[in-house]
Amino acid sequence: MMSMKVKTLLKVFLYSIVGPIILYCLFFSFLRYQEDLIKAQAKKFEIKEKSLSYRIYAKGNDTGYLKHVFIVLERLGFKRTDHGDNWDLLWAHDYPFRSLSSNLSKLNAHQRVNHFPGCGYITNKVDLSTTEGRYMLPAFKIPEQRDEFLRYANGYPETMFVQKSNDHRGISVKNMDINSISECIP
215 MMSMKVKTLL KVFLYSIVGP IILYCLFFSF LRYQEDLIKA QAKKFEIKEK SLSYRIYAKG
275 NDTGYLKHVF IVLERLGFKR TDHGDNWDLL WAHDYPFRSL SSNLSKLNAH QRVNHFPGCG
335 YITNKVDLST TEGRYMLPAF KIPEQRDEFL RYANGYPETM FVQKSNDHRG ISVKNMDINS
395 ISECIP
């Protein structure tokens with residue numbers, strides 16, 4: 215049997231040398247486990263922000279007339295894309311629901327279009343000018359409807375008229391008296 219002295223020395227050795235080694239191993243194992251756990255949680259909760267994208271629909275490649283739209287969209291964080299159906303906003307200069315109907319009938323929940331079906335009837339000048347209704351102002355196509363216009367202007371001398379050319383330039387509001395009307399229209 216071991217003497218009491220040897221047993222005591224063995225206990226001192228175990229408690230003073232082996233004990234701290236075991237504690238250090240446990241401590242460093244815990245630290246490593248904690249680091250791995252933090253990395254795993256960071257990966258799990260890492261949110262990748264997808265930048266918003268927009269696509270342009272226009273008849274031609276010259277889209278310089280939309281430069282202000284581009285500036286605003288880019289300030290809002292949108293990036294332009296020219297291909298595919300992976301976009302958040304379709305900015306259509308032309309009415310898109312006829313030519314892109316197969317694509318637009320399957321929009322994803324996050325996708326938006328700057329038109330709605332039928333909006334042309336309330337914004338198109340031709341439709342507005344040819345539609346008669348209680349709240350629709352009369353419109354006249356000059357020179358074809360010159361006589362009708364003169365009769366209307368004579369019947370409502372205080373009425374102001376919007377004059378618009380076919381090239382979309384020089385739109386003005388005029389108060390016409392019957393004497394100056396004949397001079398203004400051919």
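215 is the number of the first residue of the sequence shown in my numbering; add one for each residue after it. Each residue gets a CB set at the ideal place from its N, CA and C atoms; glycine is no exception. Source: prediction; values computed, not measured.
Restricting attention to His324, Tyr366, Gly347, the CA atom closest to the CA of Ile336 is found in Gly347. When the beta-carbon positions are compared, Asp296 and Arg269 come within less than 9 Å of each other.
Segment contact: the region 317-334 against the region 297-308, three or more CB-CB distances shorter than 8 Å; contact assigned. If you check the CB distance, Asp308 and Ala367 do not come in under 9 Å. Straight across, the Cα-Cα distance linking Tyr279 with Ser316 is about 27 Å. Between the alpha carbons of Gly233 and Thr222 lies a distance of about 15 Å. Beta-bridge analysis with DSSP links Lys378 to no other residue. Under DSSP, Val387 forms a beta bridge with Val376. In terms of CA proximity to Val376, Ile385 leads the group Ile385, Leu364, Leu251.
Rounded to the nearest angstrom, the gap between the Cα atoms of Phe292 and Leu303 is 9 Å. Ala306 is bridged by DSSP to Tyr271. Arg312 and Thr345 have their C-alpha atoms spaced approximately 22 Å apart. CA-CA distance, Glu362 to Lys281, rounds to 41 Å. In the DSSP assignment, Lys219 falls within the unbroken alpha helix (DSSP H) covering 218-227.
Our two residues, Leu245 and Ser230, have alpha carbons roughly 23 Å apart in a direct line. Take Met390, set aside five residues on each side of it, and the residues of its chain with a beta-carbon closer than 6 Å to its own are Ala367, Phe375, in chain order. The C-beta separation of Pro310 from Leu318 comes to about 6 Å, placing the pair in contact by the 8 Å criterion.
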